[in-house]
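Each residue of the sequence shown is one higher than the one before, counting from 57 in the numbering used here.
Step one of this worksheet: look at the structure below.
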Amino acid sequence: MCSLNRCFDIVVVGAGPVGLSFAASLAQSQLEVAVVEQNSIDRLANAPFDGREIALTSASIRILRQLGAWDTIPASEKSPLYGARVLNGSSTFALRFDAPRASGEPLGILVPNCHIRDALFKVVRLGDEPLLLCGHSVVRATTSHKGAVITLSDGMQLSARLVVAADSRLSPTRDLLGIGADINRLGHSMLICRVRHEGAHHQVATEWFDHHQTIAMLPVGEGMSSLLLTLPSSEADRLLAFNDDLFLLELTNRCRGRLGKMELASNRHTYPLVTTWAHKFKAPSAALIGDAAIGMHPVTAHGFNIGLSSQKQLADAILTASRHGRDIADPAMLHRYERWLRLSAAPLYHATNILVGLYSSEQPVARLARHAGLRFAQHAPLVRHVISAMLKR
Ligand SMILES: Cc1cc2nc3c(=O)[nH]c(=O)nc-3n(C[C@H](O)[C@H](O)[C@H](O)COP(=O)(O)OP(=O)(O)OC[C@H]3O[C@@H](n4cnc5c(N)ncnc54)[C@H](O)[C@@H]3O)c2cc1C
57 MCSLNRCFDI
67 VVVGAGPVGL
77 SFAASLAQSQ
87 LEVAVVEQNS
97 IDRLANAPFD
107 GREIALTSAS
117 IRILRQLGAW
127 DTIPASEKSP
137 LYGARVLNGS
147 STFALRFDAP
157 RASGEPLGIL
167 VPNCHIRDAL
177 FKVVRLGDEP
187 LLLCGHSVVR
197 ATTSHKGAVI
207 TLSDGMQLSA
217 RLVVAADSRL
227 SPTRDLLGIG
237 ADINRLGHSM
247 LICRVRHEGA
257 HHQVATEWFD
267 HHQTIAMLPV
277 GEGMSSLLLT
287 LPSSEADRLL
297 AFNDDLFLLE
307 LTNRCRGRLG
317 KMELASNRHT
327 YPLVTTWAHK
337 FKAPSAALIG
347 DAAIGMHPVT
357 AHGFNIGLSS
367 QKQLADAILT
377 ASRHGRDIAD
387 PAMLHRYERW
397 LRLSAAPLYH
407 ATNILVGLYS
417 SEQPVARLAR
427 HAGLRFAQHA
437 PLVRHVISAM
447 LKR
């Protein structure tokens, strides 16, 4: 008999897209699962547009389909990406990555983050499990090899065999578990909005590393793109304060007419850029998934893709253990999960950070290196193939 307020097999902290996917992965099991989320249930049920357009790989689409979430996302919100080009400064040279023509498959599909959250929320709400405890944050977490006890902001205590933190890259639960992390605040922010424009995008994304700014243009519908402007944070805040007319003028100047005449098609959103790598992805009776484990720089569009595969890896191990009557927080199992995540995510995480360093530096050597790098990659099919495979996986 449990002496605490509530007892569960698993408590998940954070109902972001990764926490919700994990809960959905466990939904058909016999396990008793609770999800704790600081936001209200209304906000979860009506996830507002947050500017993020998530480029999903085919592996991620497969997972979302298995969870029953993919088909509930309206077709009008899925924008295929048939190519990407990378530009450097004022050079007209572009490095291109194209989807292989023979397969007819896109490089990825862009879906607004709010629609992914919405679809996963609907899946999670369909069944009796898991229990959603919204409007609460976690204020204390104690774990041992026997289990975990979580205290919520209203004083309620939950016990669980396993606590899983999915509460963002600045994860308070990770701190409470005593797990350190390399946290890099880059001093830059991404300012994002949708624009309608005259020029055609042909479903091709553009990443343009210009002097003192990076602009990404993602095709999100007929005549519409998501513009992502990376700037020093103080500069992004200055632009955020502009009225719409002034902001549009500023965008048009910064894009140097690449999309033709533009008009705003959404609110603006900013994200201070922070990358994180937790020192451990597990503790006794605890594990980290999603951004709480690894918070990627968005430039290579892989944070959620890695998060989705991390939750699947952990959920599959738990389901197997549960089916065979084994411990769902077995230290050896958590160790295998940690090792898998470290090995599978480290190359992309470090390659992304090197790319960011090279492309955000204004040093003449860095400028020369990126110019040479793009030319080299264009004439080295193997390099382009490896990068395309990394983007698609
Ligand atoms: C501009 C931008 C563009 C991106 N583009 C891409 C892309 O194209 N492809 C891609 O794969 N990834 C992309 N990403 C990354 C992706 O958005 C994240 O990897 C993903 O959202 C991580 O999901 P998560 O559920 O782990 O964390 P989050 O989305 O951060 O969700 C965490 C949840 O935990 C809750 N929470 C926090 N603290 C507590 C607490 N103490 N108690 C209870 N609840 C708590 C929060 O309210 C939130 O609901 C992008 C990110 C940004 C910023």
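Glycine included, every Cβ here is placed at the ideal spot set by N, Cα and C.
1. Give the DSSP bridge partners of D127, in chain order.
2. Within this structure, are the beta carbons of V276 and L166 separated by less than 8 Å?
3. Take A222 and list the residues in its own chain whose beta-carbon comes closer than 7 Å to its own, dropping the five residues that flank it on each side.
4. Quick check: the Cα distance between N61 and L296, rounded to an integer number of angstroms?
5. Return the chain-ordered list of same chain residues with a C-beta closer than 7 Å to the C-beta of A150, the five sequence neighbours on each side being excluded.
6. Rounded to the nearest angstrom, what separates N309 and Y327 at their Cα positions?
7. So, for T199: in the same chain, excluding its five sequence neighbours on each side, which residues have a beta-carbon less than 7 Å away from its beta-carbon?
8. Where D300 and D293 are concerned, what is the direct C-alpha to C-alpha distance, given to the nearest angstrom?
9. Note the first and the last residue of the continuous alpha helix (DSSP H) segment covering R294.
10. I'd like to check one pair, C249 with L283: are the Cβ atoms closer than 8 Å?
11. Can you check DSSP and say which residues form a bridge with H253?
12. Exposed or buried, which one is Q367 when buried takes at least 16 other CB atoms within 10 Å?
13. Below 7 Å, is the gap between the Cβ of Q94 and the nearest heavy atom of ligand 1?
14. So within the region 95-166, which uninterrupted beta strand (DSSP E) runs reach at least 3 residues, ignoring any that extend past its ends?
15. Could you name each continuous beta strand (DSSP E) segment of 3 residues or more that falls completely within the region 163-213, going from the start of the chain to the end?
16. Taking 7 Å as the line, does the beta carbon of Y327 fall inside it for any heavy atom of ligand 1?
17. Within the region 321-379, note down every full beta strand (DSSP E) run reaching 3 residues or more, in order along the chain.
18. Does ligand 1 have a heavy atom nearer than 7 Å to the CB of T229?
19. Per DSSP, what kind of secondary structure is S282 in: helix, strand or coil?
20. Verify whether the separation of the beta carbon atoms of A80 and V179 is less than 8 Å.
21. Quick check on DSSP: helix, strand or coil for E93?
22. Give me whichever residues DSSP pairs with D266 in a beta bridge.
23. Can you list, in chain order, the stretches of the beta strand (DSSP E) that have 3 or more residues and sit fully within the region 212-252?
24. In the DSSP output, which residue or residues are listed as bridge partners for F303?
25. Given a threshold of 16 other Cβ atoms within 10 Å of its Cβ, counted over all protein chains shown, does H335 qualify as buried or as exposed?
26. With DSSP as the reference, please indicate the residues paired to R62 in a beta bridge.
27. Are Q84 and S378 touching if we call contact CB-CB under 8 Å?
28. What's the C-alpha gap between Y393 and G124?
29. Please state whether the Cβ-Cβ distance between G164 and L112 is less than 8 Å.
30. To which residues does DSSP link V74 through a beta bridge?
31. Using 10 angstroms around the beta-carbon of I410, count the other beta-carbons present and answer buried if the total reaches 16, otherwise exposed.
32. Restricting to Cα atoms, I'd like to know which of L404, A402 and L375 is closest to L390.
33. Please name the residue in H325, L329 and L397 whose C-alpha comes closest to that of G107.
34. Residues bridged to G277 by DSSP?
35. Using C-beta distances below 6 Å, list every residue in its chain close to D65, excluding the 5 sequence neighbours before and after it, in chain order.
36. Is F298 near E291, with beta carbons less than 8 Å apart?
Based on what the coordinates show:
1. Per DSSP, none; premise fails for D127.
2. Against a cut-off of 8 Å, the Cβ pair of L166 and V276 comes out as a contact.
3. So the qualifying residues of the chain are V68, V69, G70, G72, V74, G75, F78, I345, G346 and A348.
4. Their backbone Cα atoms lie some 45 Å apart in a straight line.
5. Within its own chain, the residues whose Cβ lies closer than 7 Å to the Cβ of A150, once the five positions on either side in sequence are excluded, are R141, V142 and L143, listed in chain order.
6. Distance between the alpha carbons of N309 and Y327: 22 Å.
7. Around T199: V219, L233, A339, P340, S341 and A342.
8. Their Cα atoms are separated by approximately 14 Å.
9. Membership of R294 in the alpha helix (DSSP H) is indicated by the continuous run S289 to L296.
10. Judged by their CB atoms, L283 and C249 are nearer to each other than the 8 Å cut-off.
11. DSSP, once it has assigned bridges, lists M318 as partnering H253.
12. Looking at its Cβ environment, which holds 16 or more other Cβ atoms inside 10 Å, Q367 is buried.
13. Placement of the Cβ of Q94 at a distance of less than 7 Å from at least one heavy atom of ligand 1 is found.
14. Those beta strand (DSSP E) runs which fall completely within the region 95-166 and span 3+ residues are 109-112, 135-137, 139-144 and 150-154.
15. Qualifying beta strand (DSSP E) stretches, in chain order: 164-168, 187-190, 194-200 and 203-208.
16. It does: the Cβ of Y327 is within 7 Å (strictly closer) of some heavy atom of ligand 1.
17. Whole beta strand (DSSP E) segments, 3+ residues: 325-334 and 342-344.
18. For ligand 1, at least one heavy atom lies less than 7 Å from the Cβ of T229.
19. Three-state DSSP puts S282 in a strand.
20. For A80 and V179, yes; Cβs fall inside 8 Å.
21. Strand at E93.
22. Bridge partners of D266: Q269.
23. The region 212-252 contains, as complete beta strand (DSSP E) runs of 3+ residues, the segments 213-221 (chain order).
24. DSSP links F303 through a beta bridge to no other residue.
25. Around the C-beta of H335, fewer than 16 other C-beta atoms lie within 10 Å, and the residue is accordingly described as exposed.
26. Answer by DSSP bridge pairing, in chain order: L214.
27. Contact: no.
28. C-alpha of Y393 to C-alpha of G124: approximately 24 Å in a straight line.
29. The beta carbons of G164 and L112 sit closer together than 8 Å.
30. Listed as beta-bridge partners of V74 by DSSP are no residues whatsoever.
31. Only exposed fits I410, as fewer than 16 other CB atoms lie within 10 angstroms of its CB.
32. The shortest Cα separation from L390 among L404, A402 and L375 belongs to L375.
33. H325 is the residue among H325, L329 and L397 whose C-alpha sits nearest the C-alpha of G107.
34. Per DSSP, the beta bridge partners of G277 are M280.
35. Same-chain partners within the cutoff: L87, E88 and R217.
36. No; because the gap between Cβ atoms is not below 8 Å, this pair is not in contact.
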